[in-house]
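Residue numbers (my numbering): 754 to 891.
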Amino acid sequence: MSAPPKWSSSVAVLALLWNLLGAAAYLMDVTATPDAVAKMGEAERAMYASRPAWFVAAYACAVWAGVAGSIALLRRKRWATPLFTLSLLGLLVQDLTLLSRPEVRADPGVLLLQGLVLAIAVSLLVVARKGEREGWLD
């Protein structure tokens, strides 16, 4: 195994923190109480209620594979690559479903946030593939 670049540990720690934020958001979403749902706006409540189970499963896949991939990256393990791939696939299913809704496409804040999440997910996959290629992930 070759020596990892100096920046790799910082990237791995930031990746883990980022994905843990996603995990916290996921847990808050799936454990929302009826009172919390009642406090949502009408459009948000309708979208929340109409989500199919496969959408929530894709969300879970994106989040938890991202957390596991970040841990693998931190430990310099090559299994970070398939985990980040799985995370990206879950995110793409989630994004394509969200963007099929006109009210979501009309909200620049949602588009910006989902674009940022997608850019980070792609970047983490690129880093993991680079680590494999250069031999600093084993």
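Cβ atoms here follow ideal geometry from the backbone N, Cα and C, with glycine treated the same way.
Option nearest residue 832 by Cα separation, candidates 819, 813, 843 and 842: 819
When the Cα atoms are used, what is the spatial distance from residue 851 to residue 788? 24 Å
So, is residue 849 buried or exposed, given that buried needs 16 or more other C-beta atoms within 10 angstroms? exposed
How far does the alpha helix (DSSP H) with residue 888 in it extend, from its first residue to its last? No alpha helix (DSSP H) holds residue 888; DSSP gives it neither H nor E.
Burial state of residue 816 (16 or more Cβ within 10 Å): buried
The alpha helix (DSSP H) spanning residue 800 covers which residue range? 795-803
Residue 838, DSSP secondary structure in three states: helix
Considering Cα atoms alone, identify which of 872, 766 and 885 is closest to residue 827. 766
Straight-line CA distance for residue 758 to residue 793? 45 Å
Extent of the continuous alpha helix (DSSP H) to which residue 828 belongs: Here residue 828 belongs to no alpha helix (DSSP H), and DSSP marks it neither H nor E.
Between residue 881 and residue 843, which are expected to be in contact by the criterion C-beta below 8 Å, what is the C-beta distance as a whole number of angstroms? Rounded, the Cβ-Cβ distance is 16 Å, inconsistent with contact.
With C-beta atoms as the reference, is residue 769 less than 9 Å away from residue 829? no
Could you work out which residue in 764, 871, 803 and 777 is closest to residue 840 when comparing CA atoms only? 871
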